[in-house]
Each structure stands twice: as C-alpha cells, then as structure tokens.
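>
Okay, structure coming up:
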C-alpha cells in the first residue's frame, strides 16, 4: 500500500480537528472551569466517540445519509438543539467552586456527543469516503486515516484545553466568569450556523 496519501489526510485532519467547532468550544470551556485532568478525560471521550463514529462510517453507516437524506436533516436539527441547550447551560453556569472543583462534562457525554455533532459526522464521512483506498487496501488505509485523526485530534484538543486553562488566570471575579461564560455560550451557539452552511 502506498502511504503517500497520509500527507493529505494529515492536512485534512489538522484543519478538521483544529478549527473552532463544538468539540473545541467544550474543551476550552472545560479547561477554564475544570482544569487539566477532567478536561483530559473529556478529550479522550471525544476522541473515543469520533473514532467509533469513523469506524462505523467505514463499515457503511455513512451510506444511510445517502439512502435516506431525511436522516441528515434530523441529525442537523437534533445537533442544533443540543448545541443550543449546551450554550444555555454554559451561559447560566455559576463560577466554579475553587474548593470543590468543577468536574464539568463527563468523558462518556463527550463520546456520545459525537453522534449528535454534525461536524463530527461530516469529518467522518469526508475522511472515510475521501481518503480510504479501494480493494485490499481499504482496511489498512482506514487504519491509517483513523490513526492520523486520533493523533491530530488529541494534539489540537490539548491546545484548545490548555488555552482554556490559561484563560482561567484572568478570571477573578463573578463578573469575569459571567462574561467568559457568555462568550463561550455565544461561540457554541454560533457553531450551529456552521451546521447549516
């Protein structure tokens, strides 16, 4: 199998995983509110969900959207409603309790969120349909696509989480936290627009 396709896969994975979107907004918010360890668990949950979604797409699940386009609309609606609900929860969250900590979103919630996240579906379908090879090279190329996405997903997820942890240094008062929560909620809500473009 010719591994020359890994370069384009890496470029696509870096762009898809590194650009702003629902997952990265969650990681930034979690990094700010909860610190490194809970955010690392969330990141690993997100990656587990994305890898599972990509594997299921490789097994043919993505074909359902071609056979039944109404499923794509249903996913967009459900994903949009869930993101707006998350935006509301972020906007209304009180400042974290520095004594007890804030565990934030759990790893399994991050994993399950990938099945409602239209950007994750788009990444999975685009990566599997666009970069896997035909014939006997299909499963080896699928392995490489999943591996490259795992690498760049963990790398860029760490960057967003660390950015959130550094933002925490500037948040000292309840008003600071309120402004930050409103900003993150606004960015999460705006990511709904990307679903419909």
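In full-length UniProt numbering, the protein residues as written are 1 to 197. For each residue, glycine too, the CB sits at the ideal point set by N, CA and C. Please read these numbers as outputs of a predicted model, since none were measured by experiment.
1. Closer than 8 Å by C-beta to residue 128: which residues in its own chain qualify, once you throw out the five before and the five after it? Chain order, please.
2. At the level of alpha carbons, what is the spacing between residue 99 and residue 80?
3. Starting from the C-beta of residue 91, find all residues in its chain whose C-beta is less than 7 Å away, skip the five residues before and the five after it, and write them out in chain order.
4. Below 6 Å CB to CB, which residues in the same chain sit around residue 152 once its five sequence neighbours on both sides are set aside?
5. What residue does the alpha helix (DSSP H) around residue 118 start on, and which one ends it?
6. So residue 79 is in the alpha helix (DSSP H); what residue range does that whole segment cover?
7. How would you write the range of the alpha helix (DSSP H) that residue 166 sits in, first residue to last?
8. Using alpha carbons as the reference points, say which of 43, 161 and 121 lies closest to residue 75.
9. Under three-state DSSP, which class holds residue 106?
10. Is the separation between the beta-carbon of residue 26 and that of residue 123 shorter than 8 Å?
11. Which first and last residues belong to the alpha helix (DSSP H) in which residue 196 is found?
12. In terms of residue numbering, what span does the alpha helix (DSSP H) encompassing residue 26 cover?
13. Kindly indicate which residue of 174, 113 and 130 has the alpha-carbon position closest to the one of residue 44.
14. Can you say whether residue 195 is buried or exposed, counting buried as having 16 or more other CB atoms within 10 angstroms of its CB?
15. Could you give the DSSP three-state label for residue 19: helix, strand or coil?
16. Could you tell me the alpha carbon to alpha carbon distance between residue 166 and residue 50, rounded to whole angstroms?
17. Using the three-state DSSP reduction, which class does residue 99 fall into: helix, strand or coil?
18. What's the gap between the Cα of residue 24 and the Cα of residue 135?
According to the structure shown:
1. 54, 57, 58, 62, 142 and 145
2. At residue 99 the pLDDT is 49, less than 50, meaning the model places this residue with poor confidence and gives no usable figure here.
3. 181, 182 and 185
4. 13, 14 and 17
5. 118 to 131
6. 69 to 91
7. 138 to 167
8. 121
9. coil
10. no
11. It spans 174 to 196 - the alpha helix (DSSP H) in which residue 196 sits, taken as one unbroken run.
12. 22 to 34
13. Checked all of 174, 113 and 130; the closest Cα to residue 44 is 113.
14. buried
15. In this structure, residue 19 counts as coil in the three-state DSSP scheme.
16. 26 Å
17. Note that residue 99 scores a pLDDT of 49, beneath 50, so its modelled location is shaky and nothing firm can be said.
18. 35 Å
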